[in-house]
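**Student:** Got a structure here, written out as structure tokens. Questions coming.
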Amino acid sequence: MSTTPFTPQNDATVTADVRHTDAMCTNESELNHPWWYNFKYMAIGIVFGIVFVKAEVVSWFRIQEMFQLTSFHMYGVIGTAVMVGMLSIALIKKFQVKSIYGETITIDDKKFNKGQIIGGLIFGTGWAITGACPGPLYAQIGAGFLPVFVTLFSALVGTWVYAYLRPKLPH
Amino acid sequence: MLELLRQPWHWSVAGLFIGLTVPALLILGNKKFGISSSLRHMCAMTVPAGLSFLKYDWKKEIWNMFFVVGVLIGGFIANNFLSNPDAVEVAAATKARLVEYGITSFGSLMPADIFSVENIFSAKGLVFFVFGGFLVGFGARYAGGCTSGHAIMGISSLQWPSLVATIAFMLGGFFSANILLPLIFKLF
Chain A
1 MSTTPFTPQN DATVTADVRH TDAMCTNESE LNHPWWYNFK YMAIGIVFGI
51 VFVKAEVVSW FRIQEMFQLT SFHMYGVIGT AVMVGMLSIA LIKKFQVKSI
101 YGETITIDDK KFNKGQIIGG LIFGTGWAIT GACPGPLYAQ IGAGFLPVFV
151 TLFSALVGTW VYAYLRPKLP H
Chain B
1001 MLELLRQPWH WSVAGLFIGL TVPALLILGN KKFGISSSLR HMCAMTVPAG
1051 LSFLKYDWKK EIWNMFFVVG VLIGGFIANN FLSNPDAVEV AAATKARLVE
1101 YGITSFGSLM PADIFSVENI FSAKGLVFFV FGGFLVGFGA RYAGGCTSGH
1151 AIMGISSLQW PSLVATIAFM LGGFFSANIL LPLIFKLF
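Chains as they are written, first to last, in our numbering: chain A, 1 to 171; chain B, 1001 to 1188.
As structure tokens, then:
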């Protein structure tokens, strides 16, 4: 067990650092848990990966159908997910639900910058070529589509090149 | 039961589970659903190269790596223990167009014409894996998130910049699938 004393709501005092720049999913939790506490996120990931493959979200064909407007499937998946997510967050806010460790659940506001448009267009272009956004990349590799290792590695290179060029890019 | 699980799952079931990931991560540890950040964490772990964008304590975000390894394991389980015995169905109109482009293998989740190991060191591999992957990684980070972080987490928490990003994703995809890909397929 961690020896760090636990104080709820201590996250408000933490100043933002660069992790939060251009990212949705960083967090300010100051809880200092042993590393194996993270296995619960792996469990969620496993369910998520199974759903991705079983609903064929990882299929290159499904992505082509989406962008050729020949099937409702992907719109149904994303639309339902957004509805469920929206309702969940509304309920969490309304009832001020806390995390299982008693932390206040916080969601930072995202600031607009031009990257969301330029980067978004670039991302969408890649999405239709590879048939995968980052989540399905992992699931495809797990499902045995070995060439996707190359795609994932290339996505890492793309991420690194963005980090390198960032000061020169319009935001 | 196993037979039912082996069938392709309905979009509403998939949407429900994917949507529930949002509150699950929030309640389990105040974590915000997002996947493309894992790519950034891997860069920060391996080649930070003194870049300010990669200079942060990635250990604080290690949960995200556990999550994506889980997604990979989930893909393995689904494919090995729950795989669909029947061929994957593709909408007739899309199938007809893809046949025109020269795709011949239907039935799997990914066309073997493109996603085969032999293609890794070919011009096709260069376009579909190397170029495509680069755009996904570069674009997601430039946009500040991918489909999960913006389209699902961002819109769910009513952030309009995420809606803008999602519209840009879709426009990029429409352009790519309908204008760029037909040109790319002419090369092969």
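For each residue, glycine too, the CB sits at the ideal point set by N, CA and C.
Taking the C-alpha atoms as reference points, what is the distance between K149(A) and S59(A)?
**Tutor:** In the sequence as displayed, the identity of residue 149(A) is Phe instead of Lys. Each residue's Cα considered, the two are about 16 Å apart.
**Student:** Quick one: using the 10 Å Cβ neighbour count with 16 as the cut-off for buried, is V1003(B) buried or exposed?
**Tutor:** One detail in the question is off: residue 1003(B) reads as Glu in this sequence, not Val. Exposed, by the Cβ-count rule.
**Student:** Does any residue of chain A bring its CB to less than 8 Å from the CB of A1014(B)?
**Tutor:** It does: the Cβ of A1014(B) has a partner Cβ on chain A nearer than 8 Å.
**Student:** For T1147(B), decide whether its Cβ has a neighbour in chain A, counting only Cβ atoms nearer than 8 Å.
**Tutor:** True, the Cβ-Cβ gap to chain A drops below 8 Å.
**Student:** For K1031(B) versus I107(A), is the C-beta spacing smaller than 8 Å?
**Tutor:** Result no, Cβ atoms of K1031(B) and I107(A) do not sit closer than 8 Å.
**Student:** Does DSSP classify T1021(B) as helix, strand or coil?
**Tutor:** Looking at T1021(B) - three-state DSSP - the assignment turns out to be helix.
**Student:** So Y37(A) is in the alpha helix (DSSP H); what residue range does that whole segment cover?
**Tutor:** It is not in any alpha helix (DSSP H) - Y37(A) carries neither H nor E in the DSSP assignment.
**Student:** Report the option in P1023(B), V1022(B), F1017(B) and I1035(B) whose CA atom is closest to the CA atom of Y138(A).
**Tutor:** Cα-wise, what sits closest to Y138(A) is I1035(B).
**Student:** Give the straight-line distance between the Cα atoms of W127(A) and G1144(B), rounded to the nearest whole angstrom.
**Tutor:** Distance between the alpha carbons of W127(A) and G1144(B) is about 15 Å.
**Student:** Drop a sphere of 10 angstroms on the beta-carbon of P170(A), count the other beta-carbons inside from all chains shown, and report buried for 16 or more, exposed for fewer.
**Tutor:** Exposed.
**Student:** Pick out whichever of N1178(B), F1131(B), S1148(B) and N1080(B) has its Cα sitting closest to the Cα of F48(A).
**Tutor:** Per the Cα distances, S1148(B).
**Student:** Applying the 10 Å Cβ sphere with the 16-neighbour rule, what's the burial state of K1186(B)?
**Tutor:** Label assigned to K1186(B): exposed.
**Student:** From I100(A), V18(A) and F95(A), pick the residue whose C-alpha is nearest to that of Y1056(B); which is it?
**Tutor:** Measuring from the Cα of Y1056(B), the nearest candidate turns out to be V18(A).
**Student:** Using 10 angstroms around the beta-carbon of E1118(B), count the other beta-carbons present and answer buried if the total reaches 16, otherwise exposed.
**Tutor:** Counting Cβ neighbours within 10 Å, E1118(B) comes out exposed, since fewer than 16 surround it.
**Student:** Could you check whether the Cβ of Q96(A) sits closer than 8 Å to any Cβ belonging to chain B?
**Tutor:** With 8 Å as the cut-off, Q96(A) does not count as an interface residue toward chain B.
**Student:** Contact criterion: CB-CB distance below 8 Å. Does K168(A) meet it with respect to chain B?
**Tutor:** Not one chain B Cβ lies under 8 Å of K168(A).
**Student:** Using three-state DSSP, classify T104(A) as helix, strand or coil.
**Tutor:** It is a strand residue.
**Student:** For T1094(B), go through chain A and note every residue whose CB falls closer than 8 Å to its CB, in chain order.
**Tutor:** Simply F61, Q64, E65, Q68, T70 and S71.
**Student:** Looking only at its chain, what residues have a beta carbon closer than 8 Å to the beta carbon of M1065(B), apart from the 5 residues adjacent to it on each side?
**Tutor:** Excluding sequence neighbours, M1065(B) sits near S1038, H1041 and M1042.
**Student:** Look at the alpha carbon of A155(A) and the alpha carbon of A163(A), and state the distance between them as a whole number of angstroms.
**Tutor:** If I take the Cα positions, the gap works out to 12 Å.
**Student:** Strictly below 7 Å CB to CB, what residues from chain A border L1002(B)?
**Tutor:** Near L1002(B) there are no residues of chain A at all, since even the closest Cβ is about 12 Å away, more than 7 Å.
**Student:** Using 8 Å as the threshold, is the region 79-91 of chain A in touch with the region 1089-1105 of chain B, meaning 3 or more CB pairs across them?
**Tutor:** Output reads no: the region 1089-1105 of chain B does not touch the region 79-91 of chain A.
**Student:** Go to H1150(B), then tell me how far its alpha helix (DSSP H) extends in each direction, as first and last residue.
**Tutor:** Run containing H1150(B): none; DSSP gives neither H nor E here.
**Student:** Taking just the CA atoms, how far does G1172(B) sit from V1140(B)?
**Tutor:** Val is not the amino acid found at residue 1140(B); the sequence shown has Ala there. Taking the straight line from one Cα to the other gives about 12 Å.
**Student:** Please list, in chain order, the chain A residues whose beta carbon lies closer than 8 Å to that of P1008(B).
**Tutor:** Per Cβ cutoff of 8 Å: K54, A55 and E56.
**Student:** Determine the DSSP secondary structure at K98(A), reduced to helix, strand or coil.
**Tutor:** Strand at K98(A).
**Student:** So, F1053(B) versus R166(A), is the Cβ gap smaller than 8 Å?
**Tutor:** Contact flag set, yes.
**Student:** Report yes if the C-beta of P34(A) is less than 7 Å from at least one heavy atom of the ligand ZN; otherwise report no.
**Tutor:** For the ligand ZN, the structure offers nothing, since it holds no ligand at all.
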